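Residue numbers (this note's numbering): 1 to 555. Structure, as structure tokens:
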Amino acid sequence: EDNFGINNVTLVDGQPRTLGLRELLRVYVEFRLSVVRRRSQFRLRKREERLHLVEGLLIAILDIDEVIALIRSSDDTAQARTRLIDVFDLDEVQANYILELQLRRLTKFSRIELETEKVELQAQIAQLGELLGDEGLLRTLVRDELQQVSEKLGTPRRTVLLEGSAVASGPTSAATPLEVGDDACWVLLSSTGLLARTSDATPPSARGRRAKHDAIVAVVPATARGEVGLVTTGGRIVRVSVLELPALPPVHGAPNLSGGAPFSSFVELPAADTALTIMSLGSEGTGLALGTAHGVVKRVSTDYPAGRDEWEAISLKPGDRVVGAAELTSGLEELVFVTSDAQLLHFGADKVRPQGRAAGGMVGIKLAPKASAIWFGAVDATGDNVVVTIAGSGRTGTSIKVTPFAEYPGKGRATGGVRCHRFLHDEDALVLGWVGPAPRAAASTGVARLLPEASSRRDGSGAPLEAPIAAVAPGAHPALGRSSSVAGSAGGGDEADAQPGPAAQATERARSGLASDPGSLFDLPAPQAPRPRPRAERDDYDPDSLDDVVQTGDE
1 EDNFGINNVT
11 LVDGQPRTLG
21 LRELLRVYVE
31 FRLSVVRRRS
41 QFRLRKREER
51 LHLVEGLLIA
61 ILDIDEVIAL
71 IRSSDDTAQA
81 RTRLIDVFDL
91 DEVQANYILE
101 LQLRRLTKFS
111 RIELETEKVE
121 LQAQIAQLGE
131 LLGDEGLLRT
141 LVRDELQQVS
151 EKLGTPRRTV
161 LLEGSAVASG
171 PTSAATPLEV
181 GDDACWVLLS
191 STGLLARTSD
201 ATPPSARGRR
211 AKHDAIVAVV
221 PATARGEVGL
231 VTTGGRIVRV
241 SVLELPALPP
251 VHGAPNLSGG
261 APFSSFVELP
271 AADTALTIMS
281 LGSEGTGLAL
291 GTAHGVVKRV
301 STDYPAGRDE
311 WEAISLKPGD
321 RVVGAAELTS
331 GLEELVFVTS
341 DAQLLHFGAD
351 KVRPQGRAAG
361 GMVGIKLAPK
371 ASAIWFGAVD
381 ATGDNVVVTI
391 AGSGRTGTSI
401 KVTPFAEYPG
411 KGRATGGVRC
421 HRFLHDEDAL
431 VLGWVGPAPR
441 AAASTGVARL
451 LPEASSRRDG
461 SGAPLEAPIA
471 AVAPGAHPAL
481 GRSSSVAGSA
491 GGGDEADAQP
501 GPAAQATERA
511 RSGLASDPGS
521 LFDLPAPQAP
531 RPRPRAERDD
541 YDPDSLDDVV
551 QTGDE
């Protein structure tokens, strides 16, 4: 701790006063209300004055020839002003404005332009009058302007405030408050394995600038005294008490889990097992879909055991592990596999029948020799989804590609799928794959990473990877908790020391103050470095002619 003093002697209405934080905020808000009120009054007055002049010009423009003749036949300016007022029923301000206009400007005025300007001025005057007459509208405008300032100039909080939770003491820790209402909230899991819950039922926003640990792989609804399920790569589901999770304070914009706690603080998993995603334990939805590295797919029914802290969700064969899991809401989602040899297969979830917890699933994708599935998930087929792939050698990624999901045709279950990434001469496998809406990439330390722009070539090679990317997560959760999980690594090496290249650094600095747009496809696009076009990207290359070869796994 470090103690320091603040001298809060301020001038309020010309008088020195010592204010606390609440009073400081109140005085500042009143100051902003005063500024916006005076600004609106000034704008209202200016528009009323302009409207008055436009109305005078409209009167004069109806008979411009007579106006010109009247002015030319007058002995002096005073006589011309008087005659304009008498003949055209103008006031002195309007007459002076017409007299001060140059003749060439007066003749350029058209009636349509003046009438359009008059309508616009009347609408603006009405809006300003309504704003000045309604204190609620005035406060709403001040609030919106302060939020814009926060988005543009604000910096992420370095010290995260939590609602008392002793997560540091180990898995048996419990939240400090003894009386906690069973209020609705949301439970979040980051790509770095941090868990947290929101402090209220407000759905997490997708807007806001990027921050560390903001790649949220799963968002599920829950209650403060409820439980969620942690799905592991070992095919198990472990209950986690929501009350033990640190509560994030309300924020304006997208949340980040810098104040979260690692899942190892709440559950004890074997060394070879790790958390994959979280799921709700209610009866909503049509079950859980799982995909394994051996290409097995399974739909687990929702009859989860009530009296057990953990249970098996799929019976895995030796050497197999779960690579993805997703809760299904309608059963009409598309299940997607991405393999290490750059094959992508998607088929309807209705093609997989639900099975009991002890079942081992069924064939999901036909794998080539030595190939394995590296990602599995479920997406809404009608959504704006993209495919992100990173290719490399071993665990080191060297090229990245983003492609619209619509470019990949659906195939039947237990087939080989289609090629989703063409390897360069120094690449032999995909080290990361992901499918979903609005991708948001991050390093293994949670630092935000850049993504290239989308390419329409579904089997083209990627652009050079500027910096290591460890995970990709959806920037917006359309179903809030029903989106598929994501896990993967790419790039290798020490992520904490890795830095983007010059082009990526320039792009990140230029866009670091911009709020993310949930409607946009990418949060942080990066320029692609120029490179020679490989054979697969030449104009005379026909990827469709390779479909039969690709499905057999042959080169």
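A virtual CB, placed ideally from N, CA and C, is assigned to each residue, including glycine. Values in this document were obtained by computation on a predicted structure and should not be read as measured data.
DSSP state of residue i mapped onto helix, strand, coil
i       : result
Leu-146 : helix
Pro-525 : Note that Pro-525 has pLDDT 34, beneath the 50 cutoff, so the model's placement of it is unreliable and no number is given.
Lys-351 : helix
Glu-46  : Checking the sequence shown, residue 46 turns out to be Lys, not Glu. It is helical.
Leu-281 : coil
His-346 : strand
Lys-152 : helix
Glu-327 : strand
Val-29  : helix
Asp-367 : A quick correction: the sequence has Leu, not Asp, at residue 367. Leu-367 falls in the coil class under three-state DSSP.
Ala-406 : helix
Glu-312 : strand
Ala-69  : helix
Ala-564 : With the chain running from 1 to 555 in the structure shown, residue 564 is simply not present.
Val-36  : helix
Ala-60  : helix
Glu-227 : strand
Phe-4   : coil
Leu-24  : helix
Per DSSP, cross-strand counterpart(s) of residue i
i       : result
Gln-15  : Val-12
Asn-385 : Pro-437
Phe-376 : Phe-337
Glu-55  : Paired residue(s): none; Glu-55 is not in a bridge.
Cys-185 : Ala-222
Leu-287 : The sequence as given places Gly at residue 287; Leu does not occur at that position. According to DSSP, which records beta bridges pairwise, Gly-287 is partnered with Leu-328.
Val-472 : Ala-441
Pro-318 : Pro-318 pairs with nothing; no bridge assigned.
Leu-424 : Per DSSP, none; premise fails for Leu-424.
Pro-464 : Ser-399
Gly-392 : Gly-397, Ala-429
Lys-298 : Leu-290
Ser-190 : Ile-216
Arg-419 : Gln-343
Residue i versus residue j: straight-line alpha-carbon distance, rounded
i       : j       : result
Ser-454 : Ala-429 : A small fix is needed here, since residue 454 is Ala in this sequence, not Ser. Distance between the alpha carbons of Ala-454 and Ala-429 is about 21 Å.
Thr-302 : Gly-361 : 15 Å
His-213 : Gly-260 : 9 Å
Ile-61  : Thr-382 : 56 Å
Leu-137 : Leu-24  : 23 Å
Pro-156 : Gly-446 : 14 Å
Val-332 : Met-279 : In the sequence as displayed, the identity of residue 332 is Leu instead of Val. Leu-332 and Met-279: Cα-Cα distance of roughly 18 Å.
Ser-399 : Ala-442 : 16 Å
Phe-347 : Arg-207 : 31 Å
Ala-438 : Lys-118 : 43 Å
Ala-378 : Gly-364 : 13 Å
Val-187 : Gln-147 : 25 Å
Gly-226 : Leu-269 : 21 Å
Lys-152 : Arg-209 : 9 Å
Pro-255 : Leu-344 : 31 Å
Ala-271 : Thr-277 : 17 Å
Lys-366 : Ser-444 : 30 Å
Phe-109 : Thr-202 : 53 Å
Glu-1   : Ala-215 : 31 Å
Leu-21  : Ser-150 : 18 Å
Ala-349 : Ala-414 : 13 Å
Gly-460 : Arg-422 : 5 Å
Pro-354 : Glu-310 : 20 Å
Gly-433 : Glu-327 : 19 Å
Ile-440 : Leu-51  : For the record, residue 440 in the displayed sequence is Arg; it is not Ile. Taking the straight line joining both Cα atoms gives about 49 Å.
Val-336 : Val-352 : 12 Å
Closer than 6 Å: residue i CB and nearest the ligand ADP heavy atom
i       : result
Pro-439 : Absence of the ligand ADP from the depicted structure is noted, as is the absence of any ligand whatsoever, leaving it without description.
Review point. Could you give the uninterrupted runs of the alpha helix (DSSP H) lying entirely in the segment 75-140, keeping only those of 4 residues or more?
Key: 77-88, 92-100, 103-108, 111-133
Review point. Are the segment 288-295 and the segment 244-253 touching, with three or more C-beta to C-beta distances below 8 Å?
Key: no
**Study point:** Start-end ranges of the beta strand (DSSP E) lying completely within the segment 229-276, minimum 3 residues
**Key:** 236-241
Check your understanding: Just checking, does the segment 42-62 make contact with the segment 81-91 on the three C-beta pairs under 8 Å criterion?
Key -> yes
Exercise for review: Report yes or no: do three or more beta-carbon pairs, one from the segment 12-27 and one from the segment 118-129, lie closer than 8 Å?
Suggested key: no
Review point. If we count Cβ pairs, one from each stretch, closer than 8 Å, do we get three or more for the segment 313-328 versus the segment 224-238?
Key: yes
Review point. Just checking, does the segment 64-78 make contact with the segment 40-55 on the three C-beta pairs under 8 Å criterion?
Key: no
Review point. Are three or more beta carbon pairs between the segment 299-318 and the segment 389-408 nearer than 8 Å?
Key: no
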